[in-house]
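Visitor:
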Amino acid sequence: MFQQATLTLLGFVLLGALIFGQTSLALLTGMLLVTAGLARIWSRWALVRVAYERQLSQTRAFPGDELTLTIKVTNRKLLPLARLQVDDELPGNLQIEGGTEPRRLGRSNLLQRRTSLRWYESIVWRYRIRLRARGAYRLGPVQLRSGDPFGLYDCDATLEVFTPLLVYPRFLPVEELGLPARNPLGDLRAPSLLRDPLRTIGVRDYSPTDPLKDVHWAATARTGKLQSRVYEPATSRTLVIFLDLDTFEFYYEGIDPEQVERMISAAATVARLGLEARDPVGLYVNGMPAEHEHLAHLPPGRSPAQFGLMMETLARLTTYSVMPIGRLLNLSATELPLGATVLLIGCVNSEGTRAALLRLRTHGYQVTWLYMGTGQAPVVPGVKIVTGRSHSAAVATP
Numbered sequence: 001m002f003q004q005a006t007l008t009l010l011g012f013v014l015l016g017a018l019i020f021g022q023t024s025l026a027l028l029t030g031m032l033l034v035t036a037g038l039a040r041i042w043s044r045w046a047l048v049r050v051a052y053e054r055q056l057s058q059t060r061a062f063p064g065d066e067l068t069l070t071i072k073v074t075n076r077k078l079l080p081l082a083r084l085q086v087d088d089e090l091p092g093n094l095q096i097e098g099g100t101e102p103r104r105l106g107r108s109n110l111l112q113r114r115t116s117l118r119w120y121e122s123i124v125w126r127y128r129i130r131l132r133a134r135g136a137y138r139l140g141p142v143q144l145r146s147g148d149p150f151g152l153y154d155c156d157a158t159l160e161v162f163t164p165l166l167v168y169p170r171f172l173p174v175e176e177l178g179l180p181a182r183n184p185l186g187d188l189r190a191p192s193l194l195r196d197p198l199r200t201i202g203v204r205d206y207s208p209t210d211p212l213k214d215v216h217w218a219a220t221a222r223t224g225k226l227q228s229r230v231y232e233p234a235t236s237r238t239l240v241i242f243l244d245l246d247t248f249e250f251y252y253e254g255i256d257p258e259q260v261e262r263m264i265s266a267a268a269t270v271a272r273l274g275l276e277a278r279d280p281v282g283l284y285v286n287g288m289p290a291e292h293e294h295l296a297h298l299p300p301g302r303s304p305a306q307f308g309l310m311m312e313t314l315a316r317l318t319t320y321s322v323m324p325i326g327r328l329l330n331l332s333a334t335e336l337p338l339g340a341t342v343l344l345i346g347c348v349n350s351e352g353t354r355a356a357l358l359r360l361r362t363h364g365y366q367v368t369w370l371y372m373g374t375g376q377a378p379v380v381p382g383v384k385i386v387t388g389r390s391h392s393a394a395v396a397t398p
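Counting from 1, position 149 in the sequence shown corresponds to residue 149 in the UniProt record's numbering; the numbering is continuous, with no gaps.
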């Protein structure tokens with residue numbers, strides 16, 4: 001590259017050669033200056049009207065899936081590109097198949113290609129991408145580098161071209177969750193018999209155990225003895241999943257990422273089973289999705305969109321909690337539907353968690369704890385404990 005000082009020096013040499021009649025030197029110096037000028041102009045226009053496109057065969061997938069990444073670069077002008085380098089930043093959890101080795105850049109990979117383009121020419125590269133792990137990813141940005149054909153001047157441009165990619169959590173076999181293969185949710189929740197206070201279907205003699213609000217005063221006056229209302233029975237099959245992202249009781253002990261991923265996968269598996277059974281399913285998590293400032297929370301529902309929303313929420317979750325699960329259980333108790341089954345998925349057996357579950361049980365909720373820890377299974381009066389296989393045991397199994 002010719003620096004400004006070099007060009008200034010060449011200018012003085014050209015002037016001296018002209019003054020002293022050194023024709024050959026003047027021609028040589030003049031050619032160098034013209035070449036430098038043309039090279040400077042070329043480099044300034046090299047990346048003008050250069051288009052970059054990136055496309056994935058799918059933007060939503062599961063771990064282990066293979067996608068096709070298509071990259072297209074087009075030179076939309078008369079000026080050719082003698083040299084072009086493309087540096088595309090990809091998430092580190094994407095594995096490029098077929099022998100292409102990207103350069104590691106922190107937590108990202110840098111996919112580099114070099115080529116040249118004639119006027120109005122396009123070039124297309126295709127790669128096979130293997131998805132390694134759950135998460136919300138973003139491919140990009142991309143940096144283009146070019147310059148003049150002589151290599152005197154370089155130019156570069158960073159294009160804010162981003163491609164989103166959502167990788168859902170994998171599903172686990174129900175046996176790994178300690179559930180029976182046939183009717184797996186039968187062990188987690190049972191229909192709770194409720195009374196619909198808006199639908200009275202008759203009266204009966206009053207019992208000392210009946211609440212005063214159930215007394216039918218008109219029937220009492222008519223018969224001369226206390227009568228109680230008989231309500232139409234109703235059932236609730238609502239399943240509310242509470243996911244505890246803590247893997248140790250105290251925050252300073254750190255995080256076990258593998259265990260977090262297994263618990264997220266367990267939540268996805270149970271949610272799918274519940275929605276396939278056409279039960280309303282909700283989700284509460286003591287952590288936040290990436291780039292969000294609020295705890296992950298989905299009210300119970302069974303619409304066709306509920307499963308997609310739940311899977312997207314689980315895919316975007318970070319691996320750390322921001323609140324003890326016991327506190328979240330206590331704060332959410334007033335929002336839970338009457339008679340709902342509360343399912344806690346967690347691996348930390350803390351006193352606060354046990355107390356919160358016991359409180360929900362005393363309020364009439366069916367409570368189940370899917371315990372995925374490595375220690376002794378917890379004991380909470382009235383709470384059903386289902387022991388799932390820990391990730392250490394799963395790894396040790398051939």
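Cβ atoms here follow ideal geometry from the backbone N, Cα and C, with glycine treated the same way.
1. Which word fits F20, buried or exposed, when buried means at least 16 other C-beta atoms lie within 10 angstroms of its C-beta?
2. With a floor of 3 residues, list each beta strand (DSSP E) that falls wholly inside the region 318-372, ordered by position along the chain.
3. Looking at the unbroken alpha helix (DSSP H) that takes in Q306, where does it start and where does it end?
4. Let me confirm a value: Y251 is counted as buried when at least 16 other C-beta atoms fall within 10 Å, else exposed. Which label applies?
5. Output the residue ranges of the alpha helix (DSSP H) runs that lie fully inside the region 271-296 and measure 4 residues or longer, sorted by chain position.
6. Any idea which residues DSSP pairs E66 with across the strands?
7. Excluding the five sequence neighbours on either side, which residues of its own chain have a C-beta within less than 6 Å of the C-beta of D256, listed in chain order?
8. What residue does the alpha helix (DSSP H) around A136 start on, and which one ends it?
9. Which same chain residues end up closer than 6 Å to L243 when comparing Cβ atoms and leaving out the 5 residues on each side of it in sequence?
10. Please report the distance separating the alpha-carbon of L79 from that of D154.
11. When the distance is taken between beta carbons, is R44 closer than 8 Å to E97?
12. Compute the Euclidean distance between the alpha carbons of S265 and T387, then round it to the nearest angstrom.
13. Output the boundary residues of the alpha helix (DSSP H) element that contains T223.
14. Could you tell me the distance, in whole angstroms, from the CA atom of Q366 to the CA atom of Q58?
15. Name the residue from T334, N75, E312 and D156 whose alpha carbon lies nearest to the alpha carbon of G135.
16. What does the Cβ neighbour count give for I41, buried or exposed, with the cut at 16 atoms within 10 Å?
17. Go ahead and label W119 buried or exposed: buried means 16 or more other beta carbons lie within 10 angstroms of its beta carbon, across all protein chains shown.
18. Quick check: L144 and V48, are their CB atoms within less than 8 Å of each other?
19. Can you name the residues that DSSP bridges to P183?
20. Between A356, V348 and A355, which has its C-alpha nearest A377's C-alpha?
21. What are the boundary residues of the beta strand (DSSP E) that includes residue 400?
22. From the DSSP output, in three-state form, read off I241 for me.
23. Among L111, P91, G106 and L105, which residue has its Cα nearest to the Cα of G99?
24. Do M288 and T334 have their CB atoms nearer than 8 Å?
25. Return the CA-CA distance between G151 and P304, expressed in angstroms with no decimal places.
26. Here's the rule: buried if 16 or more other CB atoms are within 10 angstroms of the residue's CB, otherwise exposed. What is W369?
27. Which value, in whole angstroms, describes the spacing of the CA atoms of residue 483 and R138?
28. If you run the structure through DSSP and keep just helix, strand and coil, what is Q259?
29. Where do the ends of the beta strand (DSSP E) carrying Q55 lie?
30. From the DSSP output, read off the bridge partner residues of G301.
31. Between which two residues does the beta strand (DSSP E) containing T115 stretch?
32. I'd like the list of long-range same chain contacts for A181, defined as Cβ closer than 8 Å, with 5 residues on each side in sequence excluded.
33. Our contact map puts D205 next to R229 with C-beta atoms below 8 Å; I'd like the distance itself, whole angstroms only.
34. Who does S146 pair with in a DSSP beta bridge?
35. Quick check on V174: does DSSP put it in helix, strand or coil?
Guide: In short, the structure shows the following:
1. Taking the first residue of the sequence shown as 1, we reach residue 20 at position 20. Exposed, because fewer than 16 other Cβ atoms sit within 10 Å of the Cβ of F20.
2. 341-346 and 366-371, all fully within the region 318-372.
3. For the purposes of this step, residue 306 is taken as the residue at position 306 of the sequence shown. P304 to R316 is the span of the alpha helix (DSSP H), which, as asked, contains Q306.
4. Within the sequence shown, residue 251 is the residue found at index 251, counting from 1. Counting C-beta atoms within 10 angstroms of its own C-beta, Y251 has fewer than 16 neighbours from the protein chains shown and is therefore classed as exposed.
5. Runs found: none.
6. Numbered from 1 along the sequence shown, position 66 holds the residue referred to as residue 66. In the DSSP assignment, E66 is bridged to R130.
7. Stepping through the sequence shown from its first residue, residue 256 is reached at position 256. T247, listed in sequence order.
8. As a first step, residue 136 is located in the sequence shown; it is residue number 136 there, counting from the start. Following the DSSP letters along the chain, one finds A136 in no alpha helix (DSSP H) but inside the beta strand (DSSP E) bounded by residues G135 to L139.
9. Within the sequence shown, numbered from 1, the residue matching residue 243 stands at position 243. Exclusion of the five residues before and after L243 leaves A267, V285 and I345 as the residues of its chain whose Cβ lies within less than 6 Å of its Cβ.
10. Here residue 79 corresponds to residue number 79 of the sequence shown, with the count starting at 1. Here residue 154 corresponds to residue number 154 of the sequence shown, with the count starting at 1. In this structure, the CA atom of L79 is about 15 Å from the CA atom of D154.
11. Along the sequence shown, read from residue 1 onward, the residue named residue 97 stands at position 97. Along the sequence shown, read from residue 1 onward, the residue named residue 44 stands at position 44. R44 sits away from E97, with the two beta carbons spaced by 8 Å or more.
12. In the sequence shown, residue 265 corresponds to position 265, counting from 1. In the sequence shown, residue 387 corresponds to position 387, counting from 1. Rounded to whole angstroms, S265 and T387 show a C-alpha spacing of 15 Å.
13. On the sequence shown, position 223 is the one that residue 223 refers to. Annotation: the continuous alpha helix (DSSP H) that includes T223 extends over W217 to T223.
14. Taking the first residue of the sequence shown as 1, we reach residue 366 at position 366. Taking the first residue of the sequence shown as 1, we reach residue 58 at position 58. Between Q366 and Q58, the C-alpha separation is close to 40 Å.
15. If you number the sequence shown from 1, residue 135 lands on position 135. Scanning T334, N75, E312 and D156 for the CA closest to the CA of G135 turns up E312.
16. Along the sequence shown, one-based indexing puts residue 41 at 41. With fewer than 16 other Cβ atoms within 10 Å, it is exposed.
17. Residue mapping note: residue 119 aligns to position 119 of the sequence shown, counting from 1. In the assembly as shown, W119 is an exposed residue. Its beta-carbon has fewer than 16 other beta-carbons within 10 Å.
18. As a working note, residue 144 is residue 144 in the sequence shown. As a working note, residue 48 is residue 48 in the sequence shown. No; because the gap between Cβ atoms is not below 8 Å, this pair is not in contact.
19. Here residue 183 refers to the residue found at position 183 of the sequence shown. Checking the displayed sequence, the identity of residue 183 turns out to be Asn instead of Pro. Its beta-bridge partners do not exist; DSSP assigns none.
20. Position 377 of the sequence shown holds residue 377. Of A356, V348 and A355, the residue nearest in Cα terms is V348.
21. Nothing in the structure corresponds to residue 400, since the chain is present only between 1 and 398.
22. Within the sequence shown, the letter at position 241 stands for residue 241. Three-state result, I241: strand.
23. One-based indexing of the sequence shown puts residue 99 at position 99. Looking only at L111, P91, G106 and L105, the smallest Cα-Cα distance to G99 is reached by L111.
24. Taking the sequence shown and counting its residues from 1, the one referred to as residue 288 is at position 288. Taking the sequence shown and counting its residues from 1, the one referred to as residue 334 is at position 334. In this structure, T334 does not lie closer than 8 Å to M288 by Cβ.
25. What you label residue 151 is simply residue 151 of the sequence shown in a count that begins at 1. What you label residue 304 is simply residue 304 of the sequence shown in a count that begins at 1. Each residue's Cα considered, the two are about 58 Å apart.
26. Along the sequence shown, one-based indexing puts residue 369 at 369. Counting Cβ neighbours within 10 Å, W369 comes out buried, since at least 16 surround it.
27. Lying outside 1 to 398, the shown extent of the chain, residue 483 is not represented and no answer is given.
28. By one-based count along the sequence shown, residue 259 stands at place 259. Looking at Q259 - three-state DSSP - the assignment turns out to be helix.
29. Within the sequence shown, numbered from 1, the residue matching residue 55 stands at position 55. If you look at Q55, you'll find it in the beta strand (DSSP E) that goes V50 to L56.
30. For the purposes of this step, residue 301 is taken as the residue at position 301 of the sequence shown. Looking at the DSSP assignment, G301 forms a beta bridge with V281.
31. Numbered from 1 along the sequence shown, position 115 holds the residue referred to as residue 115. Note, T115: beta strand (DSSP E), S108 to L117.
32. Looking up residue 181 in the sequence shown gives position 181. The beta carbon of A181 is closer than 8 Å to those of V174 and E175 in its chain, skipping five residues each way along the sequence.
33. Translated into positions along the sequence shown, residue 205 becomes position 205. Translated into positions along the sequence shown, residue 229 becomes position 229. Going by Cβ atoms, the distance from D205 to R229 rounds to 12 Å, so no, they are not a contact pair.
34. The count along the sequence shown starts at 1 and reaches residue 146 at position 146. Its beta-bridge partners are L84 and C155.
35. Translated into positions along the sequence shown, residue 174 becomes position 174. V174: helix per DSSP, three-state reduction.
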